[in-house]
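*Asks:* Sharing a structure with you now.
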Amino acid sequence: MPSEVKVNSAICGFNHKITGQLEGKTVITDIETDCSKVAKIAHMEIPKKQTLNIKENYVMDQAKDTCCVTCIVPAGVLHVCKMELGMLSKTLAKQSERVSIEFNDE
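Under the working numbering, the sequence shown has 402 at position 60, and the numbering climbs by one with no breaks.
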């Protein structure tokens, strides 16, 4: 069963649905989005070895020329990869429900 996450980019007004499935040593991801920038990375075939750190990272390499610097979609894609690779429990992820950035007035 493919992994799926929803990314709410409230600041820029877009919601994205990211799905991914492991095929051999590659995670195939697809993103449903209305954002023209994210649409440029809507389909990726991500080598397992290039998801393990921030440097030499396929997702970050693709995003750096298309997404805004503060875009949270690449992190969502990497969470999908980690679930598909068994490095993040799908059960734990569902129980946690979300990852968030909170802006305070202080």
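Using N, Cα and C, we set each Cβ at its ideal position, and we do this for glycine too.
Given A384, which residues of its chain have a CB within under 6 Å of its CB, disregarding the five upstream and five downstream residues?
*Replies:* Within the sequence shown, the letter at position 42 stands for residue 384. If we look at A384 and ignore the five residues flanking it on each side, its Cβ neighbours are I373.
*Asks:* Any idea what DSSP makes of D372, helix, strand or coil?
*Replies:* Position 30 of the sequence shown, counted from the start, is the residue given in the question as residue 372. If DSSP states are grouped into helix, strand and coil, D372 belongs with the strands.
*Asks:* Since G362 and E426 are thought to touch, with beta carbons under 8 Å apart, how far apart are those beta carbons, to the nearest angstrom?
*Replies:* Working through the sequence shown from its first residue, we reach residue 362 at position 20. Working through the sequence shown from its first residue, we reach residue 426 at position 84. At roughly 5 Å, the Cβ-Cβ gap stays under 8 Å, so G362 and E426 are in contact.
*Asks:* Just to confirm, are C413 and T393 a CB contact at a threshold of 7 Å?
*Replies:* Position 71 of the sequence shown, counted from the start, is the residue given in the question as residue 413. Position 51 of the sequence shown, counted from the start, is the residue given in the question as residue 393. Contact flag unset, no.
*Asks:* So, using beta-carbon positions, are M402 and P416 closer together than 7 Å?
*Replies:* Numbered from its first residue, the sequence shown carries residue 402 at position 60. Numbered from its first residue, the sequence shown carries residue 416 at position 74. Yes, they are a contact pair.
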